[in-house]
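Note sheet for the following structure.
If you want it as structure tokens, here you go:
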């Protein structure tokens, strides 16, 4: 859905005071309110597969913690986002609070939906980079690709369904391999 421009600065209290609206999600990105309908079954299957693979790997190696939406990432006044999946390394566990993740996660992941694709590739990418998220994955169910955006690179690495995705959350640590044919398999 389109952003609802209010021309005001959103405080966290105002954000948390938004009325519950069933299955819709609220985010404030660069002081713009976004309301998104609940995701599709296909979207949720991809999220589940990613969370299971990442959680098993991260837990096995004690690298940190994987979280799944809904969970707020609080970057600062006027920026309260809710990525589909995120990861915080053990040595940065202090940013995990009862309110949510207060600072830049080590990884954020968005699975595209028709209602969010433009935002996920646009303003969210810009804000994640602005706030120092080291790695951001954009999973495209239609194209069966994963775009891997790293903060130290100008362009993403794009992997397709025939590729094996590799992720090393801790420098010098173990590496996770996910065949994308399995991730996108129906």
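Numbering (the numbering used here), first residue to last: 1 to 186. All C-beta atoms, glycine included, are put in the ideal place defined by N, C-alpha and C.
{"Item": "8 Å Cβ cutoff met for residue 101 and residue 73", "Value": "yes"}
{"Item": "Residue from 17, 50, 35, 61 whose Cα sits closest to the Cα of residue 173", "Value": "61"}
{"Item": "Per-residue DSSP class, three states only, for residue 129", "Value": "helix"}
{"Item": "Pair within 8 Å by beta-carbon distance, residue 109 and residue 84", "Value": "yes"}
{"Item": "Exposure of residue 184, with buried meaning 16 or more beta-carbon neighbours within 10 Å", "Value": "buried"}
{"Item": "Given 8 Å, three or more beta-carbon pairs between the stretch 112–122 and the stretch 137–154", "Value": "yes"}
{"Item": "Limits of the unbroken alpha helix (DSSP H) element including residue 54", "Value": "41–61"}
{"Item": "Straight-line Cα distance separating residue 65 from residue 44", "Value": "20 Å"}
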